[in-house]
Amino acid sequence: MLAHHLNTFYGDSVKAFAVHPGAVRTQMSDNVCHKGTRKMLFFLRRLLIEPEAAAKNVLFCVDNNLKNGQYKHANCIKKLPAATRKQKNIDALIETSRKLIEQFRTETKNIGEC
């Protein structure tokens, strides 16, 4: 939604992409100690993609010059759902993001004051 908003707001002067490369197999979960989490990761590992495949997903956005309102899913280009293109939802996302950022700033500013 943010990328769609930026592309709509700034027009041709900005090209924004929101990229989720996929569920990538990394070393981040190697040291997970919780038994339940490790069991879940054991079953999920078959769904994870290699880092090289994740990089290809990122490059796909640029190489194929995706248009505003499009996204890649599996091996095809799809149009964003209508709910993500509605201005009221975009405005709500921006407002929520601002509130969360302000809350984070306030909480992290007070960390050193304890």
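Residues in the sequence shown are numbered consecutively from 1421, following our numbering. In this text, a Cβ means the ideal position worked out from N, Cα and C, and glycines have one as well. None of these values were measured; they are calculated from a predicted model.
Quick check on residue i: does DSSP put it in helix, strand or coil?
i, result
"Q1490", "strand"
"V1444", "strand"
"K1506", "coil"
"C1534", "Legend: pLDDT at C1534 = 46, less than 50; position of this residue unreliable, value from coordinates given subsequently. Residue state, collapsed to three classes: coil."
Could you tell me the alpha carbon to alpha carbon distance between residue i and residue j, rounded to whole angstroms?
i, j, result
"H1454", "V1444", "20 Å"
"K1459", "D1432", "47 Å"
"C1534", "T1526", "Low per-residue confidence applies at C1534: pLDDT is 46, beneath 50, and the placement is therefore not dependable enough to give any value."
"L1500", "L1513", "16 Å"
"K1529", "N1484", "42 Å"
"D1450", "F1524", "29 Å"
"M1502", "Y1491", "The sequence shown places Ala at residue 1502, rather than the Met named in the question. So the alpha carbons of these two residues sit roughly 13 Å apart."
"N1427", "L1520", "23 Å"
Which stretch, first to last residue, makes up the alpha helix (DSSP H) that contains residue i?
i, result
"G1456", "K1455 to L1464"
"V1439", "Run containing V1439: none; DSSP gives neither H nor E here."
"P1471", "P1471 to D1483"
"L1426", "L1422 to Y1430"
At least 3 beta-carbon pairs within less than 8 Å: the region 1427-1443 vs the region 1465-1483: Verdict: yes, contact present.
Three-pair Cβ contact test at 8 Å for the region 1503-1511 versus the region 1421-1435: Short answer: they touch.
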